[in-house]
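Line by line, the protein sequences are chains A and B. Read in order, the letters of the first sequence are residues 26 to 107 in the working numbering. Read in order, the letters of the second sequence are residues 3 to 757 in the working numbering. Scroll down for the structure; my scribbles are underneath it.
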Amino acid sequence: MVKVALTSGTASQFTDGKTEVNVTAQNVRQMVAALEGKFPGLGTEIQQSMSVAIDGVILPDPFLETVNEDSEIFILPKIGGG
Amino acid sequence: MNEQAKQFKFVGTRPIRPDGVDKVTGRAMYGADLTLPGMLEGKVVRSPHAHARIKSIDTSKAEALNGVKSVVTAADMPEAESKPVAAGEAMINFRDLAENVIARHKVFYEGQTVAAVAATSNEIAERAAALIEVEYEVLPHVIDVLDAMKDDAPVLHDHIFTGGVTPKPEKPSNVANRVEFALGDIDAGFAAADIVIERKFTTEPVHQAYIEPHAVVADMGPDGKADVWCSSQGHFMVRSFCAGLLKIEMSKIKVSAAEIGGGFGGKTTVYLEPLAIMLSRKAGRPVRMVMSREEIFRASGPTSGAAMTIKIGATKDGRITAGDATLCLQAGAFPGSPVGPAAMTAFAPYDLENVRVVGFDVVSNRPKVVAYRAPGAPISEYAVESVVDELASELGLDPIEFRAKNGAKEGTQAAYGVKFGTIGMQETLEAAKATEHYKIPLGPNQGRGVATGFWFNIGGESCAGIRINEDGSVSLTEGSPDIGGSRASMAIMAAEVLGIDVAKIKPSVVDTDATGYHFVTGGSRVTFATGMAVVDASKAAIDELRARAAKIWDVDVDGVVWEDGHAKPASTNVGDFEPMSLAEIAAIANKTGGPISGHADINAKGAGPGFGTHICDVEVDPDTGFVTVLRYTAVQDVGRAIHPSYVEGQLQGGAAQGIGWALNEAYMYDEDGKLENAGFLDYRVPVASDLPMIDTILVEIPNPTHPFGVRGVGEVPIIPPLAAVNNAVAAATGVRFTALPLSPPAILAGTGAGD
Numbered sequence: 026m027v028k029v030a031l032t033s034g035t036a037s038q039f040t041d042g043k044t045e046v047n048v049t050a051q052n053v054r055q056m057v058a059a060l061e062g063k064f065p066g067l068g069t070e071i072q073q074s075m076s077v078a079i080d081g082v083i084l085p086d087p088f089l090e091t092v093n094e095d096s097e098i099f100i101l102p103k104i105g106g107g
Numbered sequence: 003m004n005e006q007a008k009q010f011k012f013v014g015t016r017p018i019r020p021d022g023v024d025k026v027t028g029r030a031m032y033g034a035d036l037t038l039p040g041m042l043e044g045k046v047v048r049s050p051h052a053h054a055r056i057k058s059i060d061t062s063k064a065e066a067l068n069g070v071k072s073v074v075t076a077a078d079m080p081e082a083e084s085k086p087v088a089a090g091e092a093m094i095n096f097r098d099l100a101e102n103v104i105a106r107h108k109v110f111y112e113g114q115t116v117a118a119v120a121a122t123s124n125e126i127a128e129r130a131a132a133l134i135e136v137e138y139e140v141l142p143h144v145i146d147v148l149d150a151m152k153d154d155a156p157v158l159h160d161h162i163f164t165g166g167v168t169p170k171p172e173k174p175s176n177v178a179n180r181v182e183f184a185l186g187d188i189d190a191g192f193a194a195a196d197i198v199i200e201r202k203f204t205t206e207p208v209h210q211a212y213i214e215p216h217a218v219v220a221d222m223g224p225d226g227k228a229d230v231w232c233s234s235q236g237h238f239m240v241r242s243f244c245a246g247l248l249k250i251e252m253s254k255i256k257v258s259a260a261e262i263g264g265g266f267g268g269k270t271t272v273y274l275e276p277l278a279i280m281l282s283r284k285a286g287r288p289v290r291m292v293m294s295r296e297e298i299f300r301a302s303g304p305t306s307g308a309a310m311t312i313k314i315g316a317t318k319d320g321r322i323t324a325g326d327a328t329l330c331l332q333a334g335a336f337p338g339s340p341v342g343p344a345a346m347t348a349f350a351p352y353d354l355e356n357v358r359v360v361g362f363d364v365v366s367n368r369p370k371v372v373a374y375r376a377p378g379a380p381i382s383e384y385a386v387e388s389v390v391d392e393l394a395s396e397l398g399l400d401p402i403e404f405r406a407k408n409g410a411k412e413g414t415q416a417a418y419g420v421k422f423g424t425i426g427m428q429e430t431l432e433a434a435k436a437t438e439h440y441k442i443p444l445g446p447n448q449g450r451g452v453a454t455g456f457w458f459n460i461g462g463e464s465c466a467g468i469r470i471n472e473d474g475s476v477s478l479t480e481g482s483p484d485i486g487g488s489r490a491s492m493a494i495m496a497a498e499v500l501g502i503d504v505a506k507i508k509p510s511v512v513d514t515d516a517t518g519y520h521f522v523t524g525g526s527r528v529t530f531a532t533g534m535a536v537v538d539a540s541k542a543a544i545d546e547l548r549a550r551a552a553k554i555w556d557v558d559v560d561g562v563v564w565e566d567g568h569a570k571p572a573s574t575n576v577g578d579f580e581p582m583s584l585a586e587i588a589a590i591a592n593k594t595g596g597p598i599s600g601h602a603d604i605n606a607k608g609a610g611p612g613f614g615t616h617i618c619d620v621e622v623d624p625d626t627g628f629v630t631v632l633r634y635t636a637v638q639d640v641g642r643a644i645h646p647s648y649v650e651g652q653l654q655g656g657a658a659q660g661i662g663w664a665l666n667e668a669y670m671y672d673e674d675g676k677l678e679n680a681g682f683l684d685y686r687v688p689v690a691s692d693l694p695m696i697d698t699i700l701v702e703i704p705n706p707t708h709p710f711g712v713r714g715v716g717e718v719p720i721i722p723p724l725a726a727v728n729n730a731v732a733a734a735t736g737v738r739f740t741a742l743p744l745s746p747p748a749i750l751a752g753t754g755a756g757d
């Protein structure tokens, strides 16, 4: 199981306010699919407009990165810049 | 061996920039400089209304004018589907992007494009534009962000129902989205505080104010293939957006990046480019379009204005116990303000247990905002840094020590969730405190302000090619438009890896047919991400150079190492061979397998966050309210300065723009929602005579994920100036101002001297 942290705003939309949720996954692709299965709409939201941070590194296009039970995972809005 | 552990030969030096001579002699080609045989000039017809329904458009008189070759309206562009796309600062909707390029059913701001015309001269094109008859039904409009949030405000878009809230609202509104970030227990945090300060702030939208206007030349042939030259922060973005908007295969659009006279985020989207392609397609001739300065102000994106409430509590001994912020940011006519990054960065410089930030993305009848250096962060951090400064003052603490006591360190969990790795926040504070500037005594009506700033920085997709020429010189190709001297940095990094003189390397920004996809030049990413690609491509070239030397020596490639620009035997066991230079290997490349090159196509990860601390001294004239900036020092953790002169230039430019934001710049609308100051005479950006020398201090805490330790540097320096100036003015006047800009009338109103 991996522990996924969400912003309070995202949590209020998709997970009934839970800012930490657990899913079974070995990489980000599986994690997003599992989140979509457990919380409909969340996976789509992540794919369209969110980044994933793993162990402090923000990944704008996460897909195949490995995750495990020790990973610190945060779902964040996408970040661009000027 | 980790590159960071080496002593550098070229990294950290200051060679003359490769584009320097072209730029100072006028040889450099900017967007408007290209002329093609048979080229037409294009002009845009813009809405005179802030909000109106388009009832009809009659182009017949314009089309009948001698010299007019094509006229386009939204009817010439396919209807866009509602689809999110990345656009510099945020995801935007493709349907909104299309509407912003050319209005279809409604106009949402004064200056929005409704039609375009191409003719054999500018004069004829202007006359033709005036002959296009548009019938409007004028609708009620709203300009101010808080007015736009009211229940009885005119609603711009019937399809916008506030996102980020549950349950979904039953009726549409101008509040496009709500975001929230929270850590800990905000109520408990404030209960533990000895002092709590709450203030409401406003900032005005400000324009990126690049000197070079938006400009494009497009040439579409009868085979449906288009060549486009334009001033842009991302020619791959231009290709992608034009292809999507016009339903053309990407391979049929070739975009070349002209030299660029500033962008600062404002050139991370398209305005003229799709219009020029449509006009060229219809006319069968190339079309050039150039915005006037007035058009730039009326129709291209500024960054958001905002209304904010900030509340921070602290203990008597100077520990912040809680921070709470509500941020309402103007998005302009379509959703997509930088409220997300504004919310994420607001308290990011601090190590706080209890934080809450709520943000709202609000549309109103203004031009759609677009990225401006560190989108959103200068706005929210201005407000937070102003309250932080007031808290330090109320507690009788040195403002730098107060920040250091609460400042983020390695391992700090930012309010947006992520734990920081190696960062230099504390080091910038220490360096600022150690400056002579911080110790200079101040005179009457003078004040000193300090502020910090944080920006994420990003990585993203970049490519690079290294071609070893027959004479040992090197052609370096990449596709990141060079705004701040990045070609020089690319050449330096390649020289460092290859071990040859930087003067032997010619870097070029090539077109979309000549290299792979690059994300825009934005997010302070190019020296980091494209630099990583250059390092990887250089290493790939070295691998090939070693392989060629191995063939020449008839040894295994593992027996060849690359040191100081030469192939050498790895040990005496390999054999007794004289080292071969890069030039010597290149000279006989035809005999060892053909041309030698190295390539890299990457999606760079691990951009190091950036922090800066600025000190500003001002003098306020008590009679006129005029603020003079006396001294200014910008300190920043830059990771590693590849070319220190350009890094210093980024800090100075960011500080200058931030000072303008703080003191001068604002959009002024009349009661009909029309912009009244669309030009540099009435929209006042700082000029050289307005500013002192901006002193810079480069702190180097290397980013562990970059081969040379690079962090992005272009965005952090625009963040602290707003609060640094505000805090300095507070110290000079004894009045805490909460609205920007700090114009003389605003100062006099605040001090009471204007009564």
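Beta carbons: idealized from backbone N, C-alpha and C, even for Gly. Computed from a prediction, not measured in an experiment: that's the story for all the values here.
Residue from Thr328(B), Asp697(B) and Ser366(B) with nearest C-alpha to Ile381(B): What you label residue 381(B) is simply residue 379 of the second sequence in a count that begins at 1. Relative to the Cα of Ile381(B), the nearest Cα in the group Thr328(B), Asp697(B) and Ser366(B) belongs to Thr328(B).
Tyr685(B), DSSP secondary structure in three states: Taking the first residue of the second sequence as position 1, residue 685(B) is located at position 683. Under the three-state reduction of DSSP, Tyr685(B) is assigned to coil, being neither helix nor strand.
Ala59(A) versus Val29(A): straight-line alpha-carbon distance, rounded: Walking along the first sequence from the start, residue 59(A) turns up at place 34. Walking along the first sequence from the start, residue 29(A) turns up at place 4. Their backbone Cα atoms lie some 11 Å apart in a straight line.
Chain A residues whose Cβ lies nearer than 8 Å to that of Gly608(B): The residue labelled residue 608(B) in the question sits at position 606 within the second sequence. The answer, in chain order, is Val82.
Chain-order list of residues whose beta-carbon lies under 6 Å from that of Asp697(B) (same chain, five-residue window excluded): Counting from 1 along the second sequence, the entry for residue 697(B) is found at position 695. Excluding five sequence positions before and after Asp697(B), the CB atoms of its chain that fall closer than 6 Å to its own CB belong to Thr635, given in chain order.
Coil, strand or helix - Met291(B) by DSSP: Here residue 291(B) refers to the residue found at position 289 of the second sequence. Correct three-state label for Met291(B): strand.
Gly338(B) vs Ile94(B) beta-carbon contact at 8 Å: Counting from one through the second sequence, the residue named residue 338(B) turns up at place 336. Counting from one through the second sequence, the residue named residue 94(B) turns up at place 92. Going by C-beta atoms, Gly338(B) is nearer than 8 Å to Ile94(B).
Spatial neighbours of Pro688(B) in its chain, beta-carbon cut-off 6 Å, leaving aside the 5 residues before and after: Here residue 688(B) is taken as the residue at index 686 of the second sequence, counted from 1. Excluding sequence neighbours, Pro688(B) sits near Ala658, Ile661 and Gly662.
Residues, ordered as in the chain, of the segment 157-191 of chain B that lie near chain A by beta-carbon distance below 7 Å: For the segment 157-191 of chain B, which is checked against every Cβ of chain A, the residues closer than 7 Å are Gly166, Thr168, Arg180, Val181, Glu182, Phe183 and Ala184.
CB contact flag (Thr311(B), Ala195(B), <8 Å): Walking along the second sequence from the start, residue 311(B) turns up at place 309. Walking along the second sequence from the start, residue 195(B) turns up at place 193. Contact flag unset, no.
When Trp555(B), Ile425(B), Asp674(B) and Leu653(B) are compared against Asn705(B), the one with the closest alpha-carbon: Along the second sequence, one-based indexing puts residue 705(B) at 703. That would be Ile425(B), whose Cα lies nearest to the Cα of Asn705(B).
Completely contained alpha helix (DSSP H) runs for the segment 309-373 of chain B, where each covers 4 or more residues: Fully enclosed alpha helix (DSSP H) runs of 4 or longer: 341-347.
Pro571(B) (DSSP reduced to helix, strand or coil): Taking the second sequence and counting its residues from 1, one reaches residue 571(B) at position 569. In the structure shown, Pro571(B) adopts extended strand secondary structure according to DSSP, grouped into three states.
Cα-Cα separation, His107(B) to Glu97(A): To locate residue 107(B), count along the second sequence from 1; it is residue 105. To locate residue 97(A), count along the first sequence from 1; it is residue 72. As the crow flies, the alpha-carbon of His107(B) is around 47 Å from that of Glu97(A).
Segment contact flag, the segment 649-657 of chain B with the segment 666-684 of chain B, C-beta cutoff 8 Å, min 3 pairs: Here the segment 649-657 of chain B makes no contact with the segment 666-684 of chain B; the two share fewer than three CB pairs at distances below 8 Å.
Between the CA atoms of Phe12(B) and Leu547(B) - distance to the nearest angstrom: As a first step, residue 547(B) is located in the second sequence; it is residue number 545 there, counting from the start. As a first step, residue 12(B) is located in the second sequence; it is residue number 10 there, counting from the start. Using only the alpha carbons, I get a separation of about 21 Å.
Through-space distance from Gly44(B) to Val560(B), alpha-carbon basis: The residue given as residue 560(B) occupies position 558 in the second sequence. The residue given as residue 44(B) occupies position 42 in the second sequence. The question names Val, but residue 560(B) in the sequence shown is Asp. Their backbone Cα atoms lie some 60 Å apart in a straight line.
Nearest-angstrom Cβ-Cβ length linking Ile100(A) and Met75(A), presumed shorter than 8 Å: Taking the first residue of the first sequence as position 1, residue 100(A) is located at position 75. Taking the first residue of the first sequence as position 1, residue 75(A) is located at position 50. The C-beta distance from Ile100(A) to Met75(A) rounds to 5 Å, short enough to fall under 8 Å.
Cβ-Cβ separation, Gly600(B) to Ser540(B) (assumed contact under 8 Å), whole Å: By 1-based counting over the second sequence, the position of residue 540(B) is 538. By 1-based counting over the second sequence, the position of residue 600(B) is 598. Between Gly600(B) and Ser540(B) the Cβ distance is about 6 Å, and since that is below 8 Å, they are a contact.
Residue from Glu387(B), Asp545(B) and Arg713(B) with nearest C-alpha to Val528(B): Numbered from its first residue, the second sequence carries residue 528(B) at position 526. The alpha carbon of Val528(B) has as its nearest neighbour, out of Glu387(B), Asp545(B) and Arg713(B), the alpha carbon of Arg713(B).
Neighbourhood of Pro581(B) by C-beta distance below 6 Å, restricted to the same chain and skipping five residues each side: Residue mapping note: residue 581(B) aligns to position 579 of the second sequence, counting from 1. Excluding sequence neighbours, Pro581(B) sits near His568 and Lys570.
Given Ser49(B) as reference, the closest of Tyr138(B), Ser388(B) and Asp60(B) once Cα atoms are compared: Position 47 of the second sequence, counting from 1, holds the residue named residue 49(B). Closest by C-alpha distance to Ser49(B), out of Tyr138(B), Ser388(B) and Asp60(B), is Tyr138(B).
Lys411(B) at chain A interface by Cβ criterion, 8 Å: Translated into positions along the second sequence, residue 411(B) becomes position 409. Among the residues facing chain A, Lys411(B) is not included, as its CB has no counterpart in that chain under 8 Å away.
Residue-level contact to chain A via CB, Glu717(B), 8 Å cutoff: Counting from one through the second sequence, the residue named residue 717(B) turns up at place 715. It does; some Cβ of chain A falls within 8 Å.
Cross-chain neighbours of Ile86(A) in chain B, by beta carbon under 7 Å: One-based indexing of the first sequence puts residue 86(A) at position 61. First, the residue type needs correcting, since residue 86(A) is Asp and not Ile in the sequence shown. Under the 7 Å cutoff, chain B gives Asn605.
Simplified DSSP assignment, three categories, for Gln415(B): The residue given as residue 415(B) occupies position 413 in the second sequence. Correct three-state label for Gln415(B): strand.
Classification of Tyr352(B) by the beta-carbon crowding that lies within 10 angstroms, buried from 16 upward: Locating residue 352(B) in the second sequence gives position 350, counting from the first residue. Counting of Cβ neighbours within 10 angstroms places Tyr352(B) among the buried residues, the total reaching 16 or more.
Contact check, Leu148(B) vs Ala309(B), beta carbons under 8 Å: Stepping through the second sequence from its first residue, residue 148(B) is reached at position 146. Stepping through the second sequence from its first residue, residue 309(B) is reached at position 307. Annotated as proximal: Leu148(B) and Ala309(B), with beta-carbon spacing under 8 Å.
Straight-line gap, Val77(A) to Lys318(B) (C-alpha atoms, nearest Å): Position 52 of the first sequence, counting from 1, holds the residue named residue 77(A). Position 316 of the second sequence, counting from 1, holds the residue named residue 318(B). Counting only the Cα atoms, Lys318(B) lies some 38 Å from Val77(A).
Whole-angstrom C-beta distance between Gly486(B) and Tyr374(B), which should lie under 8 Å: If you number the second sequence from 1, residue 374(B) lands on position 372. If you number the second sequence from 1, residue 486(B) lands on position 484. About 15 Å; that fails the 8 Å criterion.
Residue-chain proximity (Ser72(B), chain A), Cβ-Cβ < 8 Å: As a position in the second sequence, residue 72(B) is number 70, starting the count at 1. False, the Cβ-Cβ gap to chain A never drops below 8 Å.
Three or more C-beta pairs below 8 Å linking the segment 73-87 of chain B and the segment 174-182 of chain B: Verdict: no, contact absent.
Residues that Gln448(B) bridges to, as DSSP identifies them: Residue mapping note: residue 448(B) aligns to position 446 of the second sequence, counting from 1. DSSP lists Glu621(B) as the bridge partner or partners of Gln448(B).
For His616(B), three-class secondary structure by DSSP: Along the second sequence, read from residue 1 onward, the residue named residue 616(B) stands at position 614. His616(B) carries a strand assignment under DSSP once its states are collapsed to helix, strand and coil.
8 Å Cβ cutoff, Ser526(B) in contact with chain A: Position 524 of the second sequence, counted from the start, is the residue given in the question as residue 526(B). Yes, contact with chain A.
Member of Ile604(B), Ala335(B), Gly577(B) and Ile468(B) whose CA lies at the smallest distance from the CA of Asp545(B): As a first step, residue 545(B) must be located in the second sequence, where it is residue number 543. For Asp545(B), the nearest C-alpha among the options comes from Ile468(B).
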